[in-house]
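Down below is the structure, laid out as structure tokens.
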Amino acid sequence: MYDEELRRKLAAETGRIAWPELQRHFARGVLIVVGPELDLVEAAARIAEDDRAVVQEWIRGGQVVRANDDHARHWSDSECTLWAVVVAPWVLVQESRPLRVH
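Numbering of the sequence shown is given in our numbering, commencing with residue -12 and proceeding in unit increments.
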């Protein structure tokens, strides 16, 4: 079932956040990385809706993974900010896509 209201709510709650603010979530093991090929809000909605078939497919494809030490090192070294949204107990993050100039 497609819940447009849920997607609007999640989109409104999505924001940019610096790595130091995410470290405690990483330490708790609840930081989930959403690959750049996915829409962060759609991924959050599918998780919130418990759409196991789609989420499992993303996990198998490596498009949704639990943040690991390599992620943490990269984010720390690059001092980047990430897009984030909470779908309790998870915090989903996605690296910002570079702007394309045409």
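For every residue, glycine included, the Cβ atom is placed at its ideal position computed from N, Cα and C. Just so it is clear, the structure is predicted and the values come from calculations on it, not from any experiment.
Three-state class that DSSP yields for residue i in the structure shown
i     : result
R87   : Because R87 sits at a pLDDT of 43, beneath the cut-off of 50, its placement in the model cannot be relied upon, and the following sentence gives the value as read from the coordinates. Coil, per DSSP.
A(-2) : helix
Distance, residue j Cα to residue i Cα
i     : j   : result
S65   : A54 : 16 angstroms
D57   : F13 : 12 angstroms
L(-3) : A31 : 7 angstroms
S83   : H61 : 14 angstroms
T68   : P23 : 14 angstroms
V52   : V21 : 7 angstroms
I4    : E29 : 19 angstroms
Beta-carbon contacts of residue i that lie in its chain and below 6 angstroms, excluding the five residues immediately before and after
i     : result
V17   : P76, W77, V78
R(-5) : none
D38   : none
V41   : R33
Cβ shell of residue i (< 8 angstroms), same chain only, five flanking positions each side left out
i   : result
A35 : L(-7), L(-3), V74
Per-residue burial, residue i [other beta carbons within 10 Å of its own, 16 or more giving buried]
i     : result
Q43   : exposed
R47   : exposed
R33   : buried
A(-1) : exposed
A71   : buried
L86   : Note that L86 has pLDDT 42, beneath the 50 cutoff, so the model's placement of it is unreliable and the number below is only indicative. With fewer than 16 other Cβ atoms within 10 Å, it is exposed.
H89   : Because H89 carries a pLDDT of 43, less than 50, the predicted location of this residue cannot be relied on, and the following value inherits that uncertainty. Answer is exposed; the Cβ neighbour count stays below 16.
Identified DSSP bridge partners for residue i
i    : result
W147 : Since the first residue of the chain shown is -12 and the last is 89, residue 147 is not available in this structure.
L18  : V78
R47  : In DSSP, R47 forms no bridge with anything.
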